[in-house]
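Chemist: Dropping the structure in here first, questions after.
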Ligand SMILES: [Zn+2]
Ligand SMILES: [Zn+2]
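Here is the structure:
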């Protein structure tokens, strides 16, 4: 349990990489401005786009026109889900004021899914990875519950409003100021 955070992050990276995710797009963020097509090379390279497009297996628990939700492959607690935008947005740092409704919808949806899956929002931790501390460069909101069952590594990796993990409320607050 005494593993430092950095090695925990590296471990997550490795797991995602084995799923053939390309994280080379991390520095090529302007792509989020471009119109997306189902067959764009960008989407073909992004693990999360491929999951949204049904090209990679995952246990999707909710999907609609805008979002896809599935369990984290390394859950930090009994309930741990990722809410993705179908659109490829690189990360929370790429968001602008216009994205505030999207962040609000992601937040509401994450709570709905948690409840549907039998979790409680009272004990949930929510947040976005803050660049460069993310393993897959495709915007996703984590919802984890209950907090009391998170281990030490999970607590460190998903530490609310740290340099690397930011709550939706904080993201919205920042966007409103921008
Ligand atoms: Zn993507
Ligand atoms: Zn993540």
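Residue numbers (the working numbering): 50 to 227. For every residue, glycine included, the Cβ atom is placed at its ideal position computed from N, Cα and C.
(1) When you compare only the Cα positions, how much space is there between residue 149 and residue 221?
(2) Name the two residues that bound the continuous beta strand (DSSP E) containing residue 109.
(3) Would you call the region 140-155 and the region 163-172 touching, i.e. three or more CB-CB distances under 8 angstroms?
(4) So which residues touch the region around ligand 1, with touch meaning a C-beta under 6 angstroms from any heavy atom?
(5) Rounded to whole angstroms, what is the Cα-Cα separation between residue 51 and residue 201?
(6) What residue from 178, 226, 224 has the CA that sits closest to residue 208's CA?
(7) Tell me whether residue 197 counts as near ligand 2, meaning its Cβ is closer than 7 angstroms to at least one heavy atom of that ligand.
(8) Just tell me which of 123, 129, 134 has its CA closest to the CA of residue 100.
(9) Let me make sure I understand the geometry here. Which of 155, 140, 125, 128 has the alpha-carbon closest to that of residue 114?
(10) From the DSSP output, in three-state form, read off residue 93 for me.
(11) Run through the DSSP bridge pairs and tell me what residue 120 is partnered with.
(12) Within the continuous alpha helix (DSSP H) that includes residue 205, where are the two ends?
(13) Specify the secondary structure class of residue 14 as computed by DSSP and reduced to three states.
(14) I'd like the span of the beta strand (DSSP E) that includes residue 224, first residue to last.
(15) Return yes when the C-beta of residue 178 is under 7 angstroms from any heavy atom of ligand 2, and no when it is not.
(16) For residue 137, name the three-state secondary structure that DSSP assigns.
Modeler: Concretely, from the data shown:
(1) The residue you call residue 149 lines up with position 100 of the chain shown. The residue you call residue 221 lines up with position 172 of the chain shown. Spanning the two alpha carbons is a distance of roughly 6 angstroms.
(2) On the chain shown, position 60 is the one that residue 109 refers to. Counting along the chain, residue 109 falls outside any beta strand (DSSP E), and DSSP gives it neither H nor E.
(3) no
(4) 95, 97, 98, 137, 187
(5) Residue 51 sits at position 2 when you count from the first residue of the chain shown. Residue 201 sits at position 152 when you count from the first residue of the chain shown. Confidence is the limiting factor: at residue 51 the pLDDT is only 45, short of 50, which leaves the residue's position unreliable, though a coordinate-based value still follows. Computed Cα separation, rounded: 8 angstroms.
(6) For the purposes of this step, residue 208 is taken as the residue at position 159 of the chain shown. Out of 178, 226, 224, 178 has the C-alpha closest to the C-alpha of residue 208.
(7) The residue labelled residue 197 in the question sits at position 148 within the chain shown. Answer for residue 197: no, Cβ out of range of ligand 2.
(8) Residue 100 sits at position 51 when you count from the first residue of the chain shown. For the residues 123, 129, 134, the minimum Cα distance to residue 100 belongs to 134.
(9) Here residue 114 refers to the residue found at position 65 of the chain shown. The shortest C-alpha separation from residue 114 is found at 155.
(10) Residue 93 sits at position 44 when you count from the first residue of the chain shown. Note: residue 93 maps to helix in three-state DSSP.
(11) Walking along the chain shown from the start, residue 120 turns up at place 71. In the DSSP output, where bridge partners are listed per residue, residue 120 has 130.
(12) Here the question's residue 205 lines up with position 156 in the chain shown. Taken as a continuous stretch (DSSP letters only), the alpha helix (DSSP H) holding residue 205 covers 201-206.
(13) Any property of residue 14 remains undetermined from this structure, which presents the chain solely from 50 to 227.
(14) In the chain shown, the residue the question calls residue 224 occupies position 175. First-last for residue 224: 217-226, but that is the alpha helix (DSSP H), not the beta strand (DSSP E).
(15) One-based indexing of the chain shown puts residue 178 at position 129. Correct: residue 178 has its Cβ closer than 7 angstroms to ligand 2.
(16) Counted from its first residue, the chain shown places residue 137 at position 88. The answer is coil: DSSP assigns residue 137 none of H, G, I, E or B.
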